[in-house]
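In what follows, a single structure is set out as structure tokens and then discussed.
Residue numbers (my numbering): 3 to 735.
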């Protein structure tokens, strides 16, 4: 069969493509066009190939099988996949072979076996099945199986028709790429094919008549002596192994050998060994093993290798008493750089940074990228002074500018240092200490901080809060509260402001100021914003469906307001929930608007084109000039509570509020006064011509079901049509 000549290169290709590199991807349909190159490769390299999963309980689930299986079995690949039925085709007398195969695979051994199947036509065919198990990294008791199958029915017929010495059979053996050797009961090589000479790089005359140990080293640690004894003394024994061979005049080669004892067979009277050079497989194994431990972007060690080496060194130092140093490096404000310049530019900057860090560390140190903009350095046999010296050397390097796409970029870092103690057993504990020290440095504006136990309570609390927040996002434990916005003249609720709350299981109800700083440090602001948008717009749709046609104000961070994708995300949500765009109001602060005015203005104008309304929050407390105000697509001004607090008691505060109300009127802007808590404030604002107010006097932030009850006590007037009331707040202007 031609399949045996090239099947193992193909087996490796399929194994790597469908197994290791895409182990997390769902199985693809045989009709998926992107899968075709792999399918075709498999079919060219063996009679048919397959992948399967072997579960911990011994169940084998077929995942993919090449279409050429139909030529041999009469059953199509789709049919076999649907019923997981290939094992049901195995001849009843050979089911024990399948059970032996499963056991070998569960022991993480490549297995070769021969068995008969009964084809759809009723014909009995002999198959040779070579299967390699790949352990799933995250599921150690689960294996991905990759197999190549050859139809050897013709070979079995020829075995019967031609005795060992028949010219045709010898010619077949001589032309095989694999090497075939016959060993007598004394362990001497009595026959070797040309393939054996090629594989081991020895002339046949130097092989035949020699002990098998000449090419198969019985001292190889991968070959147990008990297995060898059984092979030589128990008829029918099959031994499969991979061993090293030192080729004459060449490098070490890895050889796969399958040996079977046929000494009692009068037609053979020998141990038959099939040799195959699998050096390239071992080389690829090592190559991809390194890939699994290397960061794809920077080619530094990755998190997995960091943990592996860290735990190994700690185990060694527990006996030697040495100290392991760990530096955790975090680029200050990298998320802003990444957002402003784009992710591609951010990646380029990380690559440059990795190169600069390589120049700083000594050869014995282990430099790794944790992920994102965090890097770590393992310092074997370290001490505090040496660790601080390295950290300072890195900070000095950061003082030199980076050139990125013709722009000059300056970076600063926060570096946390942790040193192992004799009692330190887990690398994760050391990393937590370095993390605490790094956060401490960051809160003080950057620089270097060595971990001390006194740092733990506050910083550990912050880390715990970050972990809790991540869990809350995944499990849906956050919620939105809603505070009414009321028309002064009619006391009608014409809108609400959505405010995020976190009902923490031990800390109680948390407001944004308690956790937004943690979210920013953890890079979670974008995720939080998208969650708030979806929840708020979904709630808006529910209220409109129930007849409460109000507007909803949503606060977003500057992280999202500099992201052009925000426009498309909001457009998708408007379509998905079928709500009027002008019932949605996006609130921004003066600081956010002016921080990167060009980018923010572009996003805000895009939202305005959708029909979404823009409100400038906390107006009067920031930096907005009248020129900037006119250049922003703002329709609503929200006056900060610091101005409303003095109404009724401070004439100067009343004068400021009066002036701002007139400013809004002059610019055709709707004005909302926040922080209204006393009836005297409401009365004064009504006399001053204020349109909308918000504050505890009118309603505290509340769950959606409580807000809906309030809607019922303040019905929308019948004269307002859908389009006008959707404008809500702006309409009153």
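All C-beta atoms in this analysis are idealised placements derived from N, C-alpha and C, irrespective of residue type, glycine included. If you're wondering where the values come from, they're calculated on a predicted model, not measured in any experiment.
- Straight-line CA distance for residue 233 to residue 191? Within the chain shown, numbered from 1, the residue matching residue 233 stands at position 231. Within the chain shown, numbered from 1, the residue matching residue 191 stands at position 189. Between residue 233 and residue 191, the C-alpha separation is close to 15 Å.
- Which first and last residues belong to the beta strand (DSSP E) in which residue 192 is found? By one-based count along the chain shown, residue 192 stands at place 190. It spans 191 to 194 - the beta strand (DSSP E) in which residue 192 sits, taken as one unbroken run.
- Item | Backbone secondary structure at residue 571 - three-state DSSP | Walking along the chain shown from the start, residue 571 turns up at place 569. Secondary structure at residue 571: helix, using DSSP grouped into helix, strand and coil.
- Message: Within 10 Å of its beta-carbon, does residue 486 have 16 or more other beta-carbons around it, so buried, or fewer, so exposed?
- Response: The residue you call residue 486 lines up with position 484 of the chain shown. Answer is buried; the Cβ neighbour count reaches 16.
- Task: Starting from the N-terminal side, write out each stretch of the alpha helix (DSSP H) that is 4 residues or longer and does not extend beyond the segment 516 to 556.
- Result: 518 to 523, 527 to 547
- State yes or no: is the C-beta of residue 336 within less than 7 Å of the C-beta of residue 375? Here residue 336 is taken as the residue at index 334 of the chain shown, counted from 1. Here residue 375 is taken as the residue at index 373 of the chain shown, counted from 1. The answer is yes: Cβ separation under 7 Å.
- From what residue to what residue does the alpha helix (DSSP H) around residue 387 run? Here residue 387 is taken as the residue at index 385 of the chain shown, counted from 1. Taken as a continuous stretch (DSSP letters only), the alpha helix (DSSP H) holding residue 387 covers 386 to 400.
- Message: Do residue 246 and residue 254 count as a contact pair if the criterion is CB distance below 7 Å?
- Response: Reading the chain shown from its first residue, position 252 is the one you call residue 254. Reading the chain shown from its first residue, position 244 is the one you call residue 246. Yes, they are a contact pair.
- Query: Do residue 490 and residue 687 come within 7 Å of each other at the CB atom, strictly closer than that value?
  - Reply: Taking the first residue of the chain shown as position 1, residue 687 is located at position 685. Taking the first residue of the chain shown as position 1, residue 490 is located at position 488. In this structure, residue 490 lies closer than 7 Å to residue 687 by Cβ.
- On the three-state DSSP scale, how would you describe residue 269? Translated into positions along the chain shown, residue 269 becomes position 267. Note: residue 269 maps to coil in three-state DSSP.
- Query: How would you write the range of the alpha helix (DSSP H) that residue 444 sits in, first residue to last?
  - Reply: Residue mapping note: residue 444 aligns to position 442 of the chain shown, counting from 1. Where residue 444 is concerned, the enclosing alpha helix (DSSP H) stretches over 429 to 445.
- Message: Does residue 362 come out as helix, strand or coil in the three-state DSSP assignment?
- Response: Here residue 362 is taken as the residue at index 360 of the chain shown, counted from 1. Correct three-state label for residue 362: helix.
- Hey, quick one: how far does the beta strand (DSSP E) through residue 301 stretch, first residue to last? Stepping through the chain shown from its first residue, residue 301 is reached at position 299. Unbroken run through residue 301: none, as it is neither H nor E.
- Task: To the nearest angstrom, report how far apart residue 646 and residue 692 are at their CA atoms.
- Result: Numbered from 1 along the chain shown, position 644 holds the residue referred to as residue 646. Numbered from 1 along the chain shown, position 690 holds the residue referred to as residue 692. Each residue's alpha carbon lies about 12 Å from the other.
- Message: Less than 6 Å between C-beta atoms, sequence neighbours within five positions excluded: which residues of the same chain meet that for residue 10?
- Response: As a position in the chain shown, residue 10 is number 8, starting the count at 1. Residue placement at residue 10 is flagged as unreliable, the pLDDT there being 34, under the threshold of 50; a coordinate-derived value is accordingly withheld.
- Out of 564, 488, 545, which has the shortest C-alpha to C-alpha gap to residue 698? One-based indexing of the chain shown puts residue 698 at position 696. The shortest Cα separation from residue 698 among 564, 488, 545 belongs to 488.
- Message: Please return the same chain residues whose Cβ sits closer than 6 Å to the Cβ of residue 118, not counting the five positions on each side in sequence.
- Response: Counting from one through the chain shown, the residue named residue 118 turns up at place 116. Hits under 6 Å: 93, 96, 126, 128.
- Item | Sub-7 Å separation of residue 425 and residue 453 beta-carbons | Within the chain shown, numbered from 1, the residue matching residue 425 stands at position 423. Within the chain shown, numbered from 1, the residue matching residue 453 stands at position 451. No, the Cβ-Cβ distance between residue 425 and residue 453 is not below 7 Å.
- Query: In whole angstroms, what is the alpha-carbon distance linking residue 352 and residue 183?
  - Reply: In the chain shown, residue 352 corresponds to position 350, counting from 1. In the chain shown, residue 183 corresponds to position 181, counting from 1. One C-alpha to the other measures close to 55 Å.
- Query: Taking Cβ positions, are residue 676 and residue 643 nearer each other than 7 Å?
  - Reply: The count along the chain shown starts at 1 and reaches residue 676 at position 674. The count along the chain shown starts at 1 and reaches residue 643 at position 641. In contact: residue 676 and residue 643 (Cβ atoms closer than 7 Å).
- Report the three-state DSSP secondary structure of residue 416 (helix, strand or coil). Counted from its first residue, the chain shown places residue 416 at position 414. Residue 416: strand per DSSP, three-state reduction.
- Task: Give the C-beta separation of residue 640 and residue 617 to the nearest angstrom, bearing in mind that I take them to be a contact with Cβ-Cβ under 8 Å.
- Result: Reading the chain shown from its first residue, position 638 is the one you call residue 640. Reading the chain shown from its first residue, position 615 is the one you call residue 617. Rounded, the Cβ-Cβ distance is 6 Å, consistent with contact.
- Message: Using a 10 Å radius around the Cβ and a threshold of 16 neighbouring Cβ atoms, would you call residue 392 buried or exposed?
- Response: Residue mapping note: residue 392 aligns to position 390 of the chain shown, counting from 1. Residue 392 is buried by the Cβ-count criterion.
- Look at residue 512 and residue 521 and say whether their C-beta atoms are less than 7 Å apart. Taking the first residue of the chain shown as position 1, residue 512 is located at position 510. Taking the first residue of the chain shown as position 1, residue 521 is located at position 519. Contact: no.
- Task: Taking residue 332 and residue 414 to be in contact with their CB atoms under 8 Å, please state how far apart those CB atoms are, rounded to whole angstroms.
- Result: Walking along the chain shown from the start, residue 332 turns up at place 330. Walking along the chain shown from the start, residue 414 turns up at place 412. That belief does not hold up - the Cβ atoms of residue 332 and residue 414 are roughly 10 Å apart, past 8 Å.
- Task: Select from 550, 116, 679 the residue whose C-alpha is nearest the C-alpha of residue 713.
- Result: For the purposes of this step, residue 713 is identified with residue 711 of the chain shown, where counting begins at 1. Considering only alpha carbons, the answer is 550.
- Which class does residue 236 belong to by DSSP, given the choice of helix, strand or coil? Taking the chain shown and counting its residues from 1, one reaches residue 236 at position 234. Under the three-state reduction of DSSP output, residue 236 falls in the coil class, being neither helix nor strand.
- Query: Roughly how many whole angstroms lie between the Cα atoms of residue 296 and residue 620?
  - Reply: What you label residue 296 is simply residue 294 of the chain shown in a count that begins at 1. What you label residue 620 is simply residue 618 of the chain shown in a count that begins at 1. Between residue 296 and residue 620, the C-alpha separation is close to 47 Å.
- Query: With a Cβ-Cβ cutoff of 7 Å, do residue 106 and residue 75 count as a contact?
  - Reply: Locating residue 106 in the chain shown gives position 104, where the first residue counts as 1. Locating residue 75 in the chain shown gives position 73, where the first residue counts as 1. Cβ distance not < 7 Å, so residue 106 and residue 75 don't count as in contact.
- Specify the secondary structure class of residue 510 as computed by DSSP and reduced to three states. The sequence position of residue 510 within the chain shown is 508, counting from 1. Looking at residue 510 - three-state DSSP - the assignment turns out to be strand.
- When burial is assigned at 16 or more other CB atoms within 10 Å of the CB, is residue 63 buried or exposed? By 1-based counting over the chain shown, the position of residue 63 is 61. Its Cβ having fewer than 16 others within 10 Å, residue 63 is exposed.
- Mind checking which residues open and close the alpha helix (DSSP H) that includes residue 188? The residue given as residue 188 occupies position 186 in the chain shown. Going by DSSP, residue 188 is part of no alpha helix (DSSP H) at all; its letter is neither H nor E.
- Message: Please report the straight-line C-alpha distance between residue 267 and residue 214, rounded to a whole angstrom.
- Response: Against the chain shown, residue 267 aligns to sequence position 265. Against the chain shown, residue 214 aligns to sequence position 212. So the alpha carbons of these two residues sit roughly 20 Å apart.
- Message: Could you give the first and the last residue of the continuous beta strand (DSSP E) run that contains residue 203?
- Response: Indexing the chain shown from 1 puts residue 203 at position 201. Judged by DSSP secondary structure, residue 203 falls outside any beta strand (DSSP E); it is assigned neither H nor E.
- Opposite residue 336 in the DSSP bridges: which residues? Position 334 of the chain shown holds residue 336. Answer is none; residue 336 lacks a bridge partner.
- Query: If we count the other Cβ atoms within 10 Å of its Cβ and call it buried at 16 or more, is residue 556 buried or exposed?
  - Reply: Position 554 of the chain shown, counting from 1, holds the residue named residue 556. Residue 556 counts as buried, since no fewer than 16 other beta carbons sit within 10 angstroms of its beta carbon.
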